[in-house]
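According to numbering that gives the first Met the number 0, the sequence shown holds residues 0 to 238 in order.
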Amino acid sequence: MKIQVLFGSASDERVYGPLCRSLEKCGPVTMEVASAHRNPDRVREIVTTCGADVFVAGAGLAAHLPGVVASLTQKPVFGISVNGAFAGLDAFLSVVQMPKGVPVACVTEENANSIADMLIRWKNIPSDKIHLHWNKNLESYSPIQKAIEDIQTQSGAAVEWTDVKDAKCFGEIVSPWELPQSSGLNLFLCEKEQLANSQLALDFFTKAKAGGAWVGANNIGNFVIQWKKLVETGKTAWN
């Protein structure tokens with residue numbers, strides 16, 4: 000598996016240094032400093048010519064780089080929300096709230112080194128089943144019920160409840176009342192009306208810092224697209 004890492008500033012070496020070393024367990028890693036604002040042509044050149052199987056991009060103050068990378072490739076993109084200001088909350092919200100059809104799996108700075116382990120665990124993802132965990136005590140919660148139905152419809156795969164300790168567990172559906180128990184591709188769900196409450200953004204950030212990669216609040220479409228990309232990567236990127 001070939002991995003391309005991009006950060007907008009060399010000052011983020013404290014993040015991308017350990018990150019690149021951790022990713023080497025997956026395969027060759029190339030690191031470039033290129034800003035989405037100052038060096039847009041260079042970013043485009045890197046993304047479109049490097050031949051990477053997976054991209055990892057850092058997001059600091061303006062936090063545009065992961066989204067720009069995702070707009071230029073059909074490969075999976077992970078975004079690291081760097082703690083440049085506001086404890087990384089602003090970067091996290093910018094990266095995780097990508098528009099539908101352009102997913103970025105957002106990981107907080109303190110969990111950046113977990114990406115390699117996730118990729119290794121997703122090496123052989125089945126294409127006919129999605130093994131997810133959710134709180135069975137909340138199965139009657141309408142967003143969870145609808146999400147399971149929508150994931151199955153949009154993916155064409157069966158959704159199976161799986162214990163978080165099971166190696167097959169791909170990710171987790173997380174409600175506003177709990178923290179995630181697994182480090183996978185996680186989906187935060189809530190009632191649509193709850194999104195009007197700014198406190199929920201802080202709660203979402205707290206959940207993300209507990210672990211995992213996130214594709215937005217209620218963004219089932221991007222969750223499914225990212226799953227499809229990771230399934231394809233598992234088939235083609237590992238020797």
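For every residue, glycine included, the Cβ atom is placed at its ideal position computed from N, Cα and C. These figures come from a predicted structure and were not determined experimentally.
Residue i - containing beta strand (DSSP E), residue span
i: V214; result: 212 to 216
i: K128; result: 128 to 132
i: I124; result: Segment: none, I124 is in no beta strand (DSSP E) and carries neither H nor E.
i: L184; result: 184 to 187
i: G66; result: That residue, G66, is in no beta strand (DSSP E); its alpha helix (DSSP H) goes 64 to 71.
i: E148; result: Element bounds for E148: not the beta strand (DSSP E) but the alpha helix (DSSP H), 141 to 154.
i: K31; result: Sequence inspection shows Glu at residue 31; the Lys mentioned does not correspond to that position. Run containing E31: 28 to 32, per the beta strand (DSSP E) assignment.
i: F6; result: 2 to 6
Local Cβ density within 10 Å of residue i, reported as buried at 16 or more and exposed below that
i: P27; result: exposed
i: V101; result: exposed
i: I119; result: exposed
i: Q144; result: exposed
i: N178; result: A small correction: the amino acid at residue 178 is Leu; Asn does not occupy that position in the sequence shown. So L178 counts as exposed.
i: N110; result: buried
i: P142; result: buried
i: T48; result: exposed
i: K135; result: exposed
i: A90; result: buried
i: D127; result: exposed
i: N218; result: buried
i: E148; result: exposed
i: A156; result: buried
Pairwise C-alpha distance: residue j and residue i
i: L5; j: V55; result: 6 Å
i: G87; j: A209; result: 14 Å
i: R37; j: W160; result: 45 Å
i: L201; j: P125; result: 34 Å
i: A195; j: W237; result: 43 Å
i: C168; j: D162; result: 7 Å
i: I2; j: F85; result: 29 Å
i: E171; j: A115; result: 18 Å
i: D11; j: V81; result: 8 Å
i: F203; j: E44; result: 34 Å
i: S154; j: I129; result: 9 Å
i: T232; j: P17; result: 23 Å
i: L137; j: S113; result: 28 Å
i: D40; j: V32; result: 13 Å
i: V230; j: W121; result: 8 Å
Three-state secondary structure assigned by DSSP to residue i
i: G78; result: strand
i: G16; result: helix
i: M97; result: coil
i: N221; result: helix
i: V46; result: helix
i: Q180; result: coil
i: V163; result: coil
i: A309; result: Because the chain spans 0 through 238 in this model, residue 309 falls outside it and cannot be assessed.
i: V83; result: Before going further, note that residue 83 is Gly rather than Val in the sequence given. Residue state, collapsed to three classes: coil.
i: G239; result: No answer is possible for residue 239: it lies beyond the span of the chain, which begins at 0 and ends at 238.
i: V106; result: strand
i: E171; result: strand
Where the alpha helix (DSSP H) through residue i begins and ends
i: L118; result: 114 to 120
i: A200; result: 198 to 208
C-beta neighbour in chain C for residue i, strict 8 Å
i: I172; result: Included in the structure is just one protein chain, with no chain C present.
Fill in: Touch test, the segment 67 to 81 against the segment 184 to 194, Cβ-Cβ under 8 Å, three pairs minimum
No, because fewer than three Cβ pairs between the segment 67 to 81 and the segment 184 to 194 fall closer than 8 Å, the two stretches do not touch.
Worksheet item: If you pair each beta-carbon of the segment 49 to 68 with each one of the segment 103 to 122, do three or more pairs fall below 8 Å?
Response: Contact check between the segment 49 to 68 and the segment 103 to 122: three or more CB pairs, one atom from each, fall below 8 Å, which counts as touching.
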